[in-house]
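Under this note's numbering, the first residue of the sequence shown is numbered 1, with each subsequent residue one higher. Here is the structure we will look at.
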Amino acid sequence: SGASLFVYPSRYEGFGLPVLEAMSCATPVIVSSAEALVELVDEAGVVLRTESVEELTQAMERLLRFDAEQSRLRNAGLQRSKAFSIERLGRETAEVYRQAFAA
């Protein structure tokens, strides 16, 4: 990805697929404190505590200025996105079916 960062300040979110896609492209993410996004991002992104434009601006400036933080979030996001890979989800779903049929 050529993006420096991905901002997703959604107030209400069911899952956050665009955020997962950004993390899988090693793009640092900034998200709102919507519960689904907080759970998805975990420690692999910046979670805004408020809906203030000032907080969002500060978070964006910090990521754009500090390469080390941007690099850390790129790596963390990429690793976090692997927890949601289709391969892993397929294996876990198959295991649930195996256990259900074995019972």
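In this text, a Cβ means the ideal position worked out from N, Cα and C, and glycines have one as well.
Host beta strand (DSSP E) of residue i (start-end)
{"i": "Tyr-8", "result": "6-8"}
Residue interval of the alpha helix (DSSP H) (run including residue i)
{"i": "Leu-64", "result": "53-65"}
{"i": "Leu-89", "result": "86-102"}
{"i": "Leu-40", "result": "35-41"}
{"i": "Pro-28", "result": "Neither: Pro-28 is in no alpha helix (DSSP H) and is coded neither H nor E."}
6 Å Cβ shell around residue i - same chain, five flanking residues per side excluded
{"i": "Gly-6", "result": "This sequence places Phe at residue 6; Gly is not what is there. These residues qualify, in order along the chain: Ala-22, Thr-27, Val-29."}
{"i": "Val-53", "result": "none"}
Cβ-based neighbour list, residue i, same chain, cut-off 7 Å, excluding 5 preceding and 5 following
{"i": "Ala-34", "result": "Ser-10, Arg-11, Tyr-12, Glu-13"}
{"i": "Glu-69", "result": "Arg-62, Leu-63"}
Pick from the options that is closest to residue i, judged by C-alpha positions
{"i": "Leu-17", "options": "Ala-44, Leu-48, Ala-3, Phe-84", "result": "Phe-84"}
{"i": "Leu-37", "options": "Val-96, Phe-15, Ile-86, Glu-87", "result": "Phe-15"}
{"i": "Ser-32", "options": "Leu-56, Arg-88, Gly-2", "result": "Leu-56"}
{"i": "Cys-25", "options": "Thr-50, Lys-82, Ala-100, Glu-95", "result": "Lys-82"}
Integer Cβ distance of residue i from residue j, believed to fall under 8 Å
{"i": "Leu-48", "j": "Val-19", "result": "About 13 Å; that fails the 8 Å criterion."}
Check: residue i C-beta below 7 Å from any heavy atom of the ligand ZN
{"i": "Tyr-12", "result": "Here there are no bound small molecules, and the ligand ZN is not part of this structure."}
Sequence-distant residues of the same chain with beta carbon closer than 8 Å to residue i, five excluded per side
{"i": "Met-60", "result": "Leu-5, Val-7, Ile-30"}
{"i": "Arg-74", "result": "Ala-26, Thr-27, Pro-28"}
*Are the stretch 75-89 and the stretch 44-61 touching by the rule of at least three beta carbon pairs closer than 8 Å?*
yes
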